[in-house]
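Residue numbers (the working numbering): 1 to 348.
C-beta atoms are modelled at their ideal positions from N, C-alpha and C, and glycine is treated no differently.
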Amino acid sequence: MRIGVVPGDGTGPEVVAEALKVLDRAARRFDLTLDYEHFDIGGEQYLRTGAVLPDGVLDSLAKVDAIMFGAIGHPEVVPGVLERGIILRLRREFDQYINLRPVKLYPGVTGPLAGKDHRDIDFVVVRENTEGLYVGAGGFTHRGTSHEVAIEESVNTRFGVERTIRFAFELASQRQRRHITFCGKTNVLVHSHDLWMRVFEEVGADYENVERAYANVDAVCAWMVQSPERFDVVVTDNMFGDIITDLGAAIQGGLGVAAGANLNPEGVSMFEPIGGTAPDVAGAGKINPLAAIGAAGMLLTYNGRPEAGAAIEAAVAEVAGSLPSLAAGEMGMQTSEVGDRVGELISQ
Ligand code: IPM
Ligand code: MN
């Protein structure tokens with residue numbers, strides 16, 4: 001398996017190093033051959049060279065089996081340049097139309113919700129990943145004047161909506177509870193979410209064994225805090241998915257364990273910790289690598305090695321449950337020691 005590695009900025013390189021350490025352990029135990037190709041992309045690279053995406057990078061990445069991504073962002077770069085130029089570009093170029101974000105409170109982890117444990121928080125968000133408000137459609141007129149107009153359009157294609165919803169139903173039909181919630185705002189977004197709702201019902205008719213529910217995104221936010229046990233699979237659009245998955249990360253104990261996958265089931269997928277560059281702790285060995293390690297587990301699962309992916313996830317769960325806190329600097333050990341521990345569990 002050829003893995004393109006994009007460590008990126010801030011804490012990205014530190015957590016990716018631990019993810020690769022664990023991948024190597026899994027390779028030994030499960031008899032995999034993993035070849036890594038490193039790519040220098042990110043804010044540092046951009047400031048050095050002036051190119052957001054260096055020539056040839058996309059072509060080279062198109063040839064790998066999967067991408068292991070750290071984090072990208074830089075305090076000295078105007079917001080949007082790197083996000084749009086790298087993260088969103090990669091998602092779109094490789095048509096990674098699903099952003100899959102599991103929300104799991106591992107046994108032994110104290111989350112912020114009183115009275116909720118691992119039996120209550122175990123769902124997965126299926127976020128549409130290439131359309132909606134993220135396409136950059138819109139514009140200004142009279143920018144900078146007192147009568148300026150700014151328009152941001154949400155683009156929703158039946159093709160894009162349907163493949164996302166179908167993926168979510170397929171996933172729900174394989175899970176124990178077989179329950180799916182469409183998280184939308186049909187009472188206000190009377191065009192885009194009308195389409196989403198119709199497609200949700202149409203596709204749902206093919207999955208009679210999956211129980212369907214609808215909830216407005218604002219209610220979803222309240223319920224994720226008050227009664228997260230309601231949720232099994234949640235399917236939603238790009239913008240709402242962005243927002244509710246940070247809330248999801250919070251209720252699973254923090255961004256330290258929140259892993260995600262940008263999936264193109266027929267192409268090159270990209271796996272990442274969803275937490276970002278954490279510049280305040282970068283380089284200090286304080287960041288929690290479990291999210292990146294969990295993302296590496298997803299990489300194996302979604303590239304034909306689910307048994308190896310499951311072993312990594314089990315080890316992540318065990319280590320997460322043994323730490324005093326999942327927060328950076330509060331783990332009671334260094335970043336690399338957390339990686340070592342996961343690696344030892346895999347090797348056993
Ligand atoms: C995420 C991030 C990105 C997003 C940003 C960095 C563009 O917040 O992966 O959730 O909004 O999708
Ligand atoms: Mn986000």
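- Here the C-alpha atom of Ala315 lies approximately 20 Å from the C-alpha atom of Gly285.
- Gly111 and His179 have their C-alpha atoms some 24 Å from each other.
- In the structure shown, the three-state DSSP call for Ser269 is strand.
- When DSSP states are grouped into helix, strand and coil, Lys104 belongs to the strand group.
- Taking His191 as reference, the option from Glu337, Arg127, Gly132, Gly304 with the minimal CA-CA separation is Gly132.
- For a cut-off of 8 Å, the C-beta gap from Ile244 to Val217 is around 7 Å, short enough to register as a contact.
- Where Thr335 is concerned, the enclosing alpha helix (DSSP H) starts and stops at 335 to 347.
- With a minimum length of 3 residues, the unbroken runs of beta strand (DSSP E) contained wholly in the segment 134 to 193 fall at 138 to 141, 149 to 152, 179 to 184.
- For Leu255, the distance from the CB to the nearest heavy atom of the ligand IPM is not below 7 Å.
- Ile72 carries a coil assignment under DSSP once its states are collapsed to helix, strand and coil.
- Annotation for Asp9 indicates a beta carbon at 7 Å or more from all heavy atoms of the ligand MN.
- If you draw a 10 Å sphere on the C-beta of Ala150, you find fewer than 16 other C-beta atoms in it, and that means exposed.
- Within 7 Å of the C-beta of Asp242 there is at least one heavy atom belonging to the ligand MN.
- In terms of side-chain proximity, the C-beta atom of Ile87 is found nearer than 7 Å to a non-hydrogen atom of the ligand IPM.
- Assignment of Asn216 by DSSP, reduced to helix, strand and coil, places it in the strand class.
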